[in-house]
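*Asks:* Residue numbers (the numbering used here): 30 to 826.
1. Looking at the structure shown, is residue 687 part of a helix, part of a strand, or coil, going by DSSP?
2. Nearest by alpha-carbon distance to residue 178: which of 137, 225, 290 is it?
3. State the CB to CB distance for the pair residue 762 and residue 788, rounded to an integer number of angstroms; the pair is presumed to be in contact (CB under 8 angstroms).
4. Grab the span of the alpha helix (DSSP H) containing residue 127 for me, first residue to last.
5. Identify whether residue 302 lies in helix, strand or coil by the three-state DSSP scheme.
6. Using the DSSP secondary-structure output, state which residues sit across from residue 708 in a beta bridge.
7. Leaving out five residues before and five after residue 387 in sequence, what residues of the same chain have Cβ atoms less than 7 angstroms from its Cβ?
8. Is the separation between the beta-carbon of residue 98 and that of residue 312 shorter than 8 angstroms?
9. Alpha carbons only, please: which of 506, 394, 403 is nearest the one belonging to residue 360?
10. Among 163, 138, 505, which residue has its Cα nearest to the Cα of residue 121?
11. Between the alpha carbons of residue 567 and residue 556, how many angstroms are there, rounded?
12. At 4 residues or longer, what runs of the alpha helix (DSSP H) sit wholly inside the stretch 537-586?
13. Can you tell me whether DSSP reads residue 434 as helix, strand or coil?
14. State the beta-bridge partners of residue 628 as determined by DSSP.
15. Skipping 5 residues on each side, what residues in its chain have a beta carbon closer than 8 angstroms to that of residue 338?
16. For residue 355, which option in 617, 191, 79 has the closest C-alpha, if you only look at C-alpha atoms?
17. Residues in its own chain within less than 8 angstroms of residue 238 by CB, not counting five upstream and five downstream?
18. Can the beta-carbon of residue 524 be found less than 8 angstroms from the beta-carbon of residue 606?
19. On a Cα-Cα basis, can you pick out the residue from 451, 327, 328, 249 that is closest to residue 371?
20. In angstroms, rounded to a whole number, what distance separates the CA positions of residue 62 and residue 802?
21. Given 8 angstroms as the limit, is there contact between the stretch 225-236 and the stretch 417-426, that is, 3 or more CB pairs closer than that?
22. Around the Cβ of residue 825, are there at least 16 other Cβ atoms within 10 angstroms (buried) or fewer (exposed)?
23. When DSSP labels each residue in this structure, what does residue 427 get in the three-state scheme?
24. Within 10 Å of its beta-carbon, does residue 798 have 16 or more other beta-carbons around it, so buried, or fewer, so exposed?
25. Starting from residue 189 and walking both ways along the alpha helix (DSSP H), at which residues does that stretch end?
26. Starting from residue 290 and walking both ways along the alpha helix (DSSP H), at which residues does that stretch end?
27. Quick check on the burial criterion: 16 or more other C-beta atoms within 10 angstroms. Buried or exposed for residue 212?
28. What does the Cβ neighbour count give for residue 246, buried or exposed, with the cut at 16 atoms within 10 Å?
29. Any contact between the stretch 362-370 and the stretch 192-201? By contact I mean 3 or more CB pairs, one from each, below 8 angstroms.
30. Check each candidate in 255, 343, 634 and name the one with the smallest Cα separation from residue 723.
31. Going by other Cβ atoms of all chains shown within 10 Å of its Cβ, with 16 needed for buried, is residue 598 buried or exposed?
32. If we count the other Cβ atoms within 10 Å of its Cβ and call it buried at 16 or more, is residue 357 buried or exposed?
33. Among all the DSSP beta bridges, which residues are the ones paired with residue 18?
34. Restricting to Cα atoms, I'd like to know which of 221, 71, 438 is closest to residue 260.
35. Please work out which residues of its chain come closer than 8 angstroms, Cβ to Cβ, to residue 486, disregarding the five sequence neighbours upstream and downstream, and give them in chain order.
36. Identify the continuous beta strand (DSSP E) that holds residue 635 and give its terminal residues.
And the structure:
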């Protein structure tokens, strides 16, 4: 009908608009995965917080649209590679093929095809001439340093361990990339770099790519050589191609003709000025680079969703992003969100989790997963944040994943944005505080009363830090002296790094800032668990710690900092010790009760690991990175696997704790038990110093507290569970394994233990692969809200 001319001009105009809208919607429904040659911005494939317009703005910056179009914001625009000495780095054959068709040679490249409209013959001739020109860009030949020794096996470990897999796909044993979606492929590098050039690039990538999209991974020369050796394992034989002067001259003309200087700056005045495309005010978002098949315009091979996002950004280009949105966009651009969580976005993807390691495994995820960026501007002092971002300052030597160095161009005003957006309210200083929260006062300016209070606070802080108080030094280094237990970050960096408001809130509830942290809450609900130090005044205790940490090298050592191997003795109060153990894994927690009953809790898997009577534990401080503990006497061991599950039915097999594959030194199931819904949420101490362990089973929160129960004959411990469920749920508790005898429907016995249940439906079933042994499951039907369940354990002679 439109062709026949029967419709009015106005109807035809609306018809065309409708067809355009329908086309955009239908094409926009296609995913980026359906366009394998589309540019890849890794952060946009992660759990990012951006809306469609913000995604478009990120793409505008990553594709350098502002280099050609006036009026397009280029505030955070990526810089193109420096080509001044490119002839020293790249191979001729690769450069020629890449210029002819960038997306075909390097899938995911943000370099557009400028020759797509040319004939195949012309495209080959032009790309060849430009390759000769670029190959001619070399400095005078100088003697090269002797190449360091390279170890491809060490390079493989570096690639998978220091953080490369945040942006690039992990590889299998043969070197094949395991992932394609959202990762920057490196399958092309062996054909791209000349001998030794990749190692030089990896050593200082910001020299060639100053915008930091490939950050500096703080490699030594040996590490860079080994990593390059691994990535270049299938490198073809070295070329002997020399630039042809005539073709190089033609290539220079073509370089200028195709406006390559719009992105790549060269010290050559003959290349002339950059030619600009249409300004934003005159752009037609349905044509040019954004058309379905660009003709003379650069062809970025954009996916339908990318086109849709860019059009959305261009339609609302007059509205500048807020500071908070700029942070979101920058963290996505730089792919910080592949390692760090901020608010409700980002974080390590499940398929990458097993590549994050620590030399202090007993410290849990906090020692291997990079810290959250939530409220980072309120957490770190501005000067420290600058030291981290610009000066490569590090305080977590046990974390094998490295913090990349992005350079000033990439980071620009990011620290200022964090400081502007992130805020915590002020902390009320305790009464009679002798010092400002930020800076300690000069002792000469104090009154006698304040001086006495300060001395009392510092004595109290030494007690709190040492083995007579909270025993912080059992997990943290102190003032350059290594802890004889787990080697957590040095406490004496706290005052340099942290803002007082954040320190105060963190100490009152560590798990609120780092869910799952093994650091306990020593001030639950604002009440001090150490009531004999500084009169149990929570505000004064935290203030005293801060004041002592401000002293730096002049602070006195807490007691126990250099204590020898010891046997822990329980007297009139419960005693708790954290460390690795053969019966409770890397994250074992031993608790000894007055009267001689003790337990070991496995925080890694959420299970009660063992019970015993008699003396408590021996602690060995000479193990690798942790204060190992060994129960004194015979233990009754309980199932080491995850304790609670939401099974489909009582026939479903129970997933067992993975056993380390020793030949490969690999964990066959690194996400166990996280993939089954378990997450440790820390613990707190009551007034009698009895701990309550908190963890989750899916959406169900569980509080687990064990205490002696001398009122009932023969019962050693009563274990009380408090469940909080958002809806009615059925959950199974695996209480016992081994040779089990059923005395009644709620009482069961093994050779060393009698177990009594308060409720629940018991399921006693054979254990797969263990003849004559059973496992006892308790089926619990939980209501919405809170409910409780108790188990009594009686140790048998």
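Glycine included, each C-beta is placed from N, C-alpha and C at the ideal position.
*Replies:* For this structure:
1. coil
2. 225
3. Not quite, the Cβ-Cβ distance comes to about 11 angstroms (not below 8 angstroms), so this is no contact.
4. 121-129
5. coil
6. 725
7. 396, 397, 427, 428, 429
8. Yes, they are a contact pair.
9. 403
10. Distance check between residue 121 and each of 163, 138, 505 places 163 closest, using alpha-carbon atoms only.
11. 6 angstroms
12. 539-542, 567-578
13. strand
14. 620, 640
15. Taken in chain order, the residues that qualify are 81, 82, 84, 85, 88.
16. 79
17. 108, 110, 111
18. no
19. The closest CA to that of residue 371, considering only 451, 327, 328, 249, is found on 451.
20. Caution is warranted here: a pLDDT of 39 is assigned to residue 62, below 50, making its placement in the model unreliable, and the coordinate value is therefore given only provisionally. Straight-line Cα distance between these residues: approximately 50 angstroms.
21. no
22. exposed
23. coil
24. Around the C-beta of residue 798, fewer than 16 other C-beta atoms lie within 10 Å, and the residue is accordingly described as exposed.
25. 181-190
26. Looking at the DSSP string, residue 290 is not in any alpha helix (DSSP H), and its letter there is neither H nor E.
27. buried
28. buried
29. yes
30. 634
31. exposed
32. buried
33. No information on residue 18 is available, as it lies outside the stretch 30 to 826 that the chain covers here.
34. 221
35. 463, 563, 569, 572, 573, 576, 577
36. Element bounds for residue 635: n/a, residue is neither H nor E.
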